[in-house]
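Residue numbers (our numbering), protein chains in the order written: chain W, 11 to 107; chain A, 11 to 107; chain V, 11 to 107; chain Z, 11 to 107. Note that CB positions come from ideal geometry on N, CA and C, so glycine has one too.
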C-alpha cells in the first residue's frame, strides 16, 4: 500500500470524502436555516438553541475525523517509532475541551 | 416603538440582520474551506484545527446573540414582571457549557 | 426585606449555604477519590473518566449558582433600572462555553 | 522494566504521583476557598468566576494525565499491535469536548 498519511497529507478514498463532506453540508444547511430564522425575526432563544445544535454537530464531526486520524496517521507513525503525532492529539484535546 | 420581542418573535432592524448574517456567512465560508481540505487530501490534524476554529466562531456568535437577547427580550420581560425568560437563559447556559 | 444582593454581596440563608457547600463537598470527595486512584496505580483511562465526572459536577454546580443569581441579584437590579449585571452574565457565558 | 501500564493498572513513580496529587490538592484548595466565599456571603458573580477557574484547572489536569497516558499506555499497546486503547481516547475526547 502507498502511504495513506504522510508529508502532512491524508489520502482519503471517495467514500470517506463523501461521508465527511455530506456531514459538513448538513452543518452548512443548519447555518443557512439560522440565517433564515434571523431574516424571519425568529425568537433569539430559538436561534440560540439551533446554534447549540450546530456546535454539537461540529464536535461530533471532529470526533469522527479524530477517530479516523488515530486509526490511520497516529497508529502508523507510532508503529514506525515516530511519536510526534501524539503531542498533536494532546494539543487538539486542549483546543476542544 | 412596537414591541421588539414578543410572542416568541424578535424584531431586528436591517443592520442587526446584516451583522448576524455576515457572521454566519463567515462560518459557512470556513466550513466550505474544510470541504476543500477534505477533497485535497489535507492532513487530518489541520482539518481538526480548522474545525476547532469553526467551533469557537459559533460560540462567539452565540455570545453575541445572547448579549442582544439579554439586553432586549430578557430585560423587557423582567421589567414587566415576567421571569420565565430567566429560566431559558439558565437552560441555554447548560446547553453550551 | 433587607437587600439580598447589594454592594457585591449575596446574602444567603443557612439552607442555601448548606445546599451549595454539600455539593462542593461532594466534588472535593470525588477529587480525594482521584488522589487515591493515583496512589493505587489505577489506570489513567479510568482516572480521566473520573476527572470528566468532576468537570460535569462543577458545571452543574455553576448552573445552580447562576440560576440563584439570575432570580435574585440580576432580577432585582434590572427591576431597579440597573443593567450592568446583564453584561456580567454574558461574560460568564463566554468563560464557561 | 516491568510493564508500566498493563491489566488496567498504570504504574507511576513517586515523583509522578506527587506531581499529580499536588495539582489535585490545588483544585481542592480552590473549592475550599469557594466554600468560604459561600459562608461569607460573597457575590455570586465572583463565585461563578472562581468555579470557571476550577473548571479550567480540572481540564488542564486532564490534559496532563492524557499526555502521560498517550506516551505510555497508548504508545506501548499500539507498538504491541493492540489498538483498543485508541477507541478509549476518542471516547474521552467526546466526554471532555
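Bridge partner(s) assigned by DSSP for residue i
i: residue 15 of chain V; result: V/20
i: residue 52 of chain A; result: W/19
Straight-line gap, residue i to residue j (C-alpha atoms, nearest Å)
i: residue 106 of chain A; j: residue 46 of chain V; result: 32 angstroms
i: residue 35 of chain Z; j: residue 40 of chain A; result: 41 angstroms
i: residue 97 of chain A; j: residue 75 of chain V; result: 13 angstroms
i: residue 57 of chain W; j: residue 29 of chain W; result: 27 angstroms
i: residue 87 of chain Z; j: residue 68 of chain A; result: 37 angstroms
i: residue 85 of chain W; j: residue 50 of chain A; result: 22 angstroms
i: residue 89 of chain Z; j: residue 14 of chain Z; result: 14 angstroms
i: residue 20 of chain V; j: residue 73 of chain A; result: 26 angstroms
i: residue 11 of chain Z; j: residue 55 of chain V; result: With a pLDDT of 37 at residue 11 of chain Z, under the threshold of 50, the modelled position of that residue is not reliable, and the figure given next carries that caveat. Cα to Cα, the separation comes out at about 22 angstroms.
i: residue 103 of chain Z; j: residue 65 of chain W; result: 15 angstroms
i: residue 31 of chain A; j: residue 42 of chain A; result: 16 angstroms
i: residue 24 of chain W; j: residue 77 of chain Z; result: 34 angstroms
i: residue 27 of chain Z; j: residue 53 of chain V; result: 13 angstroms
i: residue 18 of chain V; j: residue 91 of chain V; result: 17 angstroms
i: residue 22 of chain V; j: residue 22 of chain A; result: 39 angstroms
i: residue 93 of chain W; j: residue 93 of chain Z; result: 15 angstroms
Min CB distance residue i to chain A below 7 angstroms
i: residue 19 of chain W; result: yes
i: residue 27 of chain W; result: yes
i: residue 97 of chain W; result: no
Within-7 angstroms CB hit, residue i to chain V
i: residue 48 of chain A; result: no
i: residue 100 of chain A; result: yes
i: residue 87 of chain A; result: no
i: residue 30 of chain A; result: no
i: residue 1 of chain A; result: Chain A is shown from 11 up to 107; residue 1 of chain A falls before or after that span and cannot be answered.
i: residue 73 of chain A; result: yes
i: residue 55 of chain Z; result: yes
Under the three-state DSSP convention, the category residue i falls into
i: residue 94 of chain W; result: helix
i: residue 107 of chain W; result: coil
Cut-off 8 angstroms between Cβ atoms - residues of its own chain near residue i, not counting five sequence neighbours on either side
i: residue 100 of chain A; result: none
i: residue 83 of chain Z; result: 14, 15, 20 and 95
i: residue 44 of chain V; result: 57, 60, 61 and 64
i: residue 37 of chain A; result: 64, 67, 68 and 71
Short CB-CB distance (under 7 angstroms) between residue i and chain W
i: residue 67 of chain A; result: no
i: residue 107 of chain Z; result: yes
Residue i at chain Z interface by Cβ criterion, 7 angstroms
i: residue 64 of chain V; result: yes
i: residue 104 of chain V; result: no
i: residue 94 of chain W; result: no
i: residue 90 of chain W; result: no
6 angstroms Cβ shell around residue i - same chain, five flanking residues per side excluded
i: residue 33 of chain A; result: 71
i: residue 48 of chain Z; result: none
i: residue 79 of chain Z; result: none
i: residue 81 of chain V; result: none
Interface flag, residue i vs chain D, CB-CB below 7 angstroms
i: residue 14 of chain W; result: Among the protein chains in the structure shown, which are W, A, V and Z, there is no chain D.
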